[in-house]
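So for the sequence shown, this note's numbering puts the first residue at 104; every next one is plus one. Ideal Cβ positions, reconstructed from N, Cα and C, are used throughout, including at glycine. Only a predicted model underlies this, so the values are computations on that prediction, with no experimental measurement involved.
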Amino acid sequence: MTQPASPPQPAAPQEFPPTLREVMIRPQWIALLALSLVVAGLFAWLGQWQLGRAIDTAPLPPGATEQVRPLDEVSQPGEYLPEPFVGQRVSVTGSWVPGDFIVVSSRFNEGVEGFWVTGQLRVADTASPTSIAVAVGWAPTQDAADAAAERLNTDAGAAPIAIEGRLISDEGAVPPPSGADPQTLIRMSPAALLSRWSDTAGLDVYRSYIVAEVPQGGLDEIVSAPPEAGSAVNWLNIFYAAEWVIFAGFAFYLWYRLAKDAWEREVEDLEDAAGETS
């Protein structure tokens, strides 16, 4: 007797790969998107902050740098000199520290190369010992500068002296030219001068320095022209703001790239599994 044929088995349902959209709306990728939004928002805020700093909404009026202001109203010890105040005429009272008049080479005065003589001015009426470097005059030769520095070191004392001049930013220390005396200074750097000053324990020092308007020690006047009017736009801050915007965009791109990579791997795995069963 013939056995009845077995009923045909239903075919396994075909598994279709997910779409990219289906992968992106899964809970783990939604959570990662939320994190990307937080990061992008932070970057956008930083970009807005940099943009606000890039545009000076209250620039100094024309000629403001030519009005003599007390030093402590313009800058404080240890602070970098704000751009609008570079070249500001300031006044300060203090006394010279004997032995700390030092010669700086490679200083041009109206196109002529020569030497500056600088001194440590101990500022009066401060809560803690405070000093600022002062360029007191120019000499055309090394011998003349050395002689003036020696006279000033000899005559320096505790008598207070009032100084007026332009406040200039630190030029930064650099090594002396090859073959020159290792003690040679070719940049006006308060940091470099500080390393050679005396009586510096617990001393607060201004990062900027003053170019005195009235020379001392028989030196020539240092010609210091008024600063040119600067732009109200700080392009460096605008560049930083653009960078933060790019970073914010990258946060979204990273989320998209990670989700797409996961989708591509899942599709490849399904295709490989289908190939093995065929």
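Query, Result
"First and last residue of the uninterrupted beta strand (DSSP E) at T233", "233 to 242"
"Delimiting residues of the alpha helix (DSSP H) encompassing R254", "245 to 258"
"Within the region 174 to 222, ranges of the beta strand (DSSP E) (whole runs, at least 3 residues)", "192 to 199, 205 to 212"
"Separation of F119 from V126, as counted between CA atoms", "13 Å"
"Coil, strand or helix - S139 by DSSP", "helix"
"Beta-carbon gap between A242 and A248 smaller than 7 Å", "yes"
"N- and C-terminal bounds of the alpha helix (DSSP H) containing V126", "123 to 127"
"7 Å Cβ shell around L123 - same chain, five flanking residues per side excluded", "K363, W366"
"Burial state of Q223, where buried means 16 or more other Cβ atoms lie within 10 Å", "buried"
"The region 286 to 305 / the region 266 to 276 touching (three or more Cβ pairs under 8 Å)", "yes"
"Among G260, R254, F146, E369, the one whose alpha carbon lies nearest that of I205", "R254"
"Check whether V314 and N212 have beta carbons under 7 Å apart", "no"
"Contained alpha helix (DSSP H) runs [length at least 4] in the region 277 to 323, N- to C-terminal order", "293 to 297"
"Distance between beta carbons of T221 and V239, contact taken as under 8 Å", "7 Å"
"Sheet register partners of V226 (DSSP bridge)", "G197"
"Under the three-state DSSP convention, the category I264 falls into", "strand"
"Secondary structure of I325, DSSP reduced to three states", "coil"
"C-beta contact flag for E346 and E316 at 7 Å", "no"
"Given E182 as reference, the closest of D323, Y359, L361, V308 once Cα atoms are compared", "V308"
"Residues near A261 in its chain [Cβ-Cβ closer than 6 Å; skip 5 each side]", "S198"
"Burial state of Y356, where buried means 16 or more other Cβ atoms lie within 10 Å", "exposed"
"Identity of the residues DSSP links to L270 by a beta bridge", "I313"
"Buried versus exposed, by CB contacts within 10 Å (16 or more), L270", "buried"
"Close beta carbons around W132, own chain, < 6 Å, minus the five adjacent residues each side", "A362"
"Closest residue to D302 among G202, Q151, I349 (Cα-Cα distance)", "G202"
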